[in-house]
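> Below are the structure tokens for one structure; questions will follow.
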Amino acid sequence: MNPSLRYIQGYPEHIVGQVEQLVSSGNFNSWFSKRYPNNHQIKSEQALFNYAMVIKNQYMKKGSPISKVIYDGKIHLINNALGLHSFISRSHGGKLKAKNEIRIASVFKQAPEPLLRMLVVHELAHLKEKDHNKAFYALCCHMEPDYHQLEFDARLFMISKEL
Numbered sequence: 001m002n003p004s005l006r007y008i009q010g011y012p013e014h015i016v017g018q019v020e021q022l023v024s025s026g027n028f029n030s031w032f033s034k035r036y037p038n039n040h041q042i043k044s045e046q047a048l049f050n051y052a053m054v055i056k057n058q059y060m061k062k063g064s065p066i067s068k069v070i071y072d073g074k075i076h077l078i079n080n081a082l083g084l085h086s087f088i089s090r091s092h093g094g095k096l097k098a099k100n101e102i103r104i105a106s107v108f109k110q111a112p113e114p115l116l117r118m119l120v121v122h123e124l125a126h127l128k129e130k131d132h133n134k135a136f137y138a139l140c141c142h143m144e145p146d147y148h149q150l151e152f153d154a155r156l157f158m159i160s161k162e163l
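No gaps in the numbering here: position 84 of the sequence shown is 84 in the UniProt record's numbering, and each next residue is one more.
Here it is in structure tokens:
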């Protein structure tokens, strides 16, 4: 198996086979570019924070506050992840301060907007649901109805970056 296909391990054989065929024929990147011709323009961390807050305020007004949303160049290498949600507690002046941070892999600075949205939705859902359970995915689908397709497409995006 082509090493770049590791992103879709666990998907049904017929789907992996279709992707493998596109990769081996050399047509994968042109196919993916036709599917997603444009990348988003959310390049700064302030723009990313604002983008995440619009989604949060639309679907999770009463959710925990977010202190930071950033692109992180180390995420993919260290955690083999595309995004991370961290909950940090710090003692500050005798009081415990809790902060929620969202980190998105830097590779998604150059991604189509729907894929960035899917990652932001995924990390926002962790504010309410810590585990990847049924309630977590229901919340993701509430915020982004095409969540499951976009999650798969984000994996295809990673393949296209490696080719």
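In this text, a Cβ means the ideal position worked out from N, Cα and C, and glycines have one as well.
Expressed to the nearest angstrom, what Euclidean distance is found between the alpha-carbon atoms of Pro-3 and Val-19?
One C-alpha to the other measures close to 13 Å.
> Measure the C-alpha to C-alpha separation of Tyr-59 and Ala-154 and round it to an integer number of angstroms.
Between Tyr-59 and Ala-154, the C-alpha separation is close to 22 Å.
> In the structure shown, what three-state DSSP assignment does Asn-57 receive?
If DSSP states are grouped into helix, strand and coil, Asn-57 belongs with the helices.
> Helix, strand or coil for residue 164, going by three-state DSSP, please let me know.
Because the chain here runs from 1 to 163, residue 164 falls outside it and cannot be looked at.
> Can you tell me whether Ile-70 is helix, strand or coil according to DSSP?
It is a strand residue.
> Thinking C-alpha only, which one of Val-16, Ala-47, Ile-15, Leu-156 is nearest Val-120?
Cα-wise, what sits closest to Val-120 is Ala-47.
> Compute the distance between the beta-carbons of Leu-124 and Lys-56, then report whether it is under 8 Å.
Yes, the Cβ-Cβ distance between Leu-124 and Lys-56 is below 8 Å.
> Just reading off the alpha helix (DSSP H) that Phe-108 is part of, what are its end residues?
Counting along the chain, Phe-108 falls outside any alpha helix (DSSP H), and DSSP gives it neither H nor E.
> Does the Cβ of His-122 have 16 or more other Cβ atoms within 10 Å, making it buried, or fewer, making it exposed?
That one is buried.
> Threshold first: 4 residues or longer. Then list the alpha helix (DSSP H) segments lying entirely within the region 20-44, N to C.
Entirely contained in the region 20-44, the alpha helix (DSSP H) runs reaching 4 residues are, in chain order, 28-35.
> What's the gap between the Cα of Ile-70 and the Cα of Asn-39?
The alpha-carbon atoms of Ile-70 and Asn-39 are separated by roughly 18 Å.
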